[in-house]
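**Q**
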Amino acid sequence: MEGCTGRLLVATPGLQDRSFRRSVVLVLEHTEAGALGVVLDRPLDVDASAVLPQWQDHLSAPGRLFQGGPVSRDTALALADLPDAGAPPGVRHLSPRLGVVDLEAPPALVVDAVRALRVFVGYAGWAEGQLDREIEAGGWFVVDLEPGDVFSADPRGLWRRVLRRQPGDLALLSTAPDDVSLN
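Just so we're aligned, residue 593 is where the sequence shown starts under the working numbering, counting upward by one.
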């Protein structure tokens with residue numbers, strides 16, 4: 593099924609895995625060897641100052657670290673919203689408007705040249721064929737990314753907003769109760 597790179601995975605209402613329940617995941621890479629992404633809607637109650645103090649003042653609202661997924665929770669990955677002019681030093685392009693920030697780079701090289709910045713602790717990872725099987729089993733909807741999704745000022749409401757903008761029955765699922773057995 594390759595081809596999810598740069599797209600969103602939206603958890604179906606029936607997906608109960610605690611790490612991904614009602615989540616929206618940006619797929620950063622999807623190949624035959626597996627897939628990697630970050631959960632976009634799980635802000636933590638932790639400032640970056642606890643682990644990356646030099647970046648704290650540069651984070652986009654809500655100015656917190658995000659739980660990027662259940663894998664390697666001792667690592668951090670930062671994404672930046674890039675201007676049309678290109679990526680500054682210390683940033684690698686993922687798409688025309690999105691880049692991965694080298695957190696070892698001095699913030700001064702990066703922050704004036706990006707529109708938004710968010711740091712994720714951990715990531716979501718899938719082994720060879722695993723994501724494809726989860727999609728085929730109905731665990732995820734694959735939808736297009738819109739510019740404001742990655743850096744939403746209201747990340748906790750992202751799951752409903754992304755579903756609501758989809759055509760047909762997917763939009764109706766945005767009203768599904770938290771406990772689907774009540775539906």
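Here a beta-carbon is modelled for each residue, glycine too, at the ideal position from N, C-alpha and C. Computed from a predicted model, the values in this text were never measured in an experiment.
Check the C-beta distance from Val619 over to Val754 and give it rounded, since I have them as a contact under 8 Å.
**A** Val619 to Val754, Cβ: 14 Å. No contact.
**Q** The alpha helix (DSSP H) with Trp647 in it runs from where to where?
**A** Per DSSP, Trp647 belongs to no alpha helix (DSSP H) and is neither H nor E.
**Q** Taking just the CA atoms, how far does Glu738 sit from Asp676?
**A** The alpha-carbon atoms of Asp676 and Glu738 are separated by roughly 16 Å.
**Q** Contact check, Leu786 vs Val742 under 8 Å by CB: the rounded distance?
**A** Nothing can be reported for residue 786, as the shown portion of the chain is limited to 593 through 775.
**Q** Using CA coordinates, which residue listed in Val616, Thr597, Arg634 is at the minimum distance from Phe712?
**A** For the residues Val616, Thr597, Arg634, the minimum Cα distance to Phe712 belongs to Arg634.
**Q** Under 8 Å between the Cβ atoms of Pro662 and Gly606?
**A** In this structure, Gly606 does not lie closer than 8 Å to Pro662 by Cβ.
**Q** With distances taken Cα to Cα, identify the nearest neighbour of Glu624 among Val692, Gly595, Ala642, Ser687.
**A** Measuring from the Cα of Glu624, the nearest candidate turns out to be Gly595.
**Q** Which residues mark the beginning and the end of the alpha helix (DSSP H) in which Leu723 is found?
**A** Where Leu723 is concerned, the enclosing alpha helix (DSSP H) stretches over 722 to 728.
**Q** From Ser611 to Pro699, what distance separates their C-alpha atoms?
**A** Near 30 Å, if we compare the C-alpha coordinates of Pro699 and Ser611.
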